[in-house]
Amino acid sequence: LLSNSLQTIPAPPTVRIDSDETIKAIDTPITLHCHASGNPQPSLSWSMGGQPLISSAEGARISLKGTRLDIPRLQQSHVGEYTCSARNEAGSAEASVHVDVLVPPVISRDNVEMSPRLPTGQTLTLLCDASGKPFPDLDCS
Numbered sequence: 001l002l003s004n005s006l007q008t009i010p011a012p013p014t015v016r017i018d019s020d021e022t023i024k025a026i027d028t029p030i031t032l033h034c035h036a037s038g039n040p041q042p043s044l045s046w047s048m049g050g051q052p053l054i055s056s057a058e059g060a061r062i063s064l065k066g067t068r069l070d071i072p073r074l075q076q077s078h079v080g081e082y083t084c085s086a087r088n089e090a091g092s093a094e095a096s097v098h099v100d101v102l103v104p105p106v107i108s109r110d111n112v113e114m115s116p117r118l119p120t121g122q123t124l125t126l127l128c129d130a131s132g133k134p135f136p137d138l139d140c141s
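Each residue of the sequence shown is one higher than the last, beginning at 1 in UniProt numbering.
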């Protein structure tokens with residue numbers, strides 16, 4: 001009598017993260033995909049800056065099996081290192097990606113007198129308080 005039995009050998013996870021882009025404009029969506037394999041199929045979890053992420057934390061949504069992380073409206077608070085961790089009985093693995101946000105230039109007009117009066121020949125110094133990411137080039141004309 002011959003018997004044919006299949007034996008599965010545990011294999012530690014391998015993991016990688018895919019995204020179309022990891023530097024995106026503020027208020028735009030971003031999706032990170034976590035691809036993992038191993039035997040048995042590993043369970044997945046996400047973290048940001050070493051802190052576990054759960055759905056709706058900071059506006060993030062994690063798919064049911066953890067394979068996808070969606071942020072519908074990217075904000076400055078979302079900038080950081082995102083890690084997908086895969087774990088099974090044979091071991092664990094992780095992959096990370098850095099997410100950054102682009103912010104359009106803003107010029108602050110606080111405490112600026114729009115019609116300064118100076119005697120002829122006097123020097124006028126104008127301060128330009130601007131912000132943005134990347135920092136904007138300034139041109140006074």
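All C-beta atoms in this analysis are idealised placements derived from N, C-alpha and C, irrespective of residue type, glycine included.
Just so it is clear, the structure is predicted and the values come from calculations on it, not from any experiment.
- Item | Coarse secondary structure for S92, derived from DSSP in three states | Translated into the one-based positions of the sequence shown, residue 92 becomes position 92. Residue state, collapsed to three classes: strand.
- Query: If you count every other CB in all the chains shown that lies within 10 Å of the CB of L6, and 16 or more means buried, which is it?
  - Reply: For the purposes of this step, residue 6 is identified with residue 6 of the sequence shown, where counting begins at 1. Of the residues assessed, L6 falls on the exposed side of the cut-off, its CB having fewer than 16 other CB atoms within 10 angstroms.
- Compare the beta carbon distance of A86 and A36 with 7 Å and say whether it is the shorter of the two. Position 86 of the sequence shown holds residue 86. Position 36 of the sequence shown holds residue 36. Yes, these two residues count as a Cβ contact at 7 Å.
- Message: Counting beta carbon pairs with one atom in the segment 53 to 73 and one in the segment 123 to 138, are three or more of them shorter than 8 Å?
- Response: Below 8 Å, too few C-beta pairs join the segment 123 to 138 and the segment 53 to 73 to call them touching: fewer than three.
- Message: Which residue marks the beginning of the beta strand (DSSP E) containing G38, and which one marks its end?
- Response: Counting from 1 along the sequence shown, the entry for residue 38 is found at position 38. Residues 30 to 39.
- Message: According to DSSP, is S55 part of a helix, a strand, or is it coil?
- Response: As a working mapping, residue 55 is identified with position 55 in the sequence shown. Reduced to three states, the DSSP call for S55 is coil.
- Identify the continuous beta strand (DSSP E) that holds D18 and give its terminal residues. As a first step, residue 18 must be located in the sequence shown, where it is residue number 18. Residue range 11 to 18 is occupied by the beta strand (DSSP E) that includes D18.
- Between the Cα of T83 and the Cα atoms of W46, S108, P104, which residue gives the shortest distance? On the sequence shown, residue 83 is found 83 positions in, with the first residue counted as 1. Cα-wise, what sits closest to T83 is W46.
- Task: Below 8 Å CB to CB, which residues in the same chain sit around E94 once its five sequence neighbours on both sides are set aside?
- Result: Here the question's residue 94 lines up with position 94 in the sequence shown. The residues V15, T83, C84, S85, A86, in chain order, have a CB closer than 8 Å to that of E94 in the same chain once the five nearest residues on each side in sequence are set aside.
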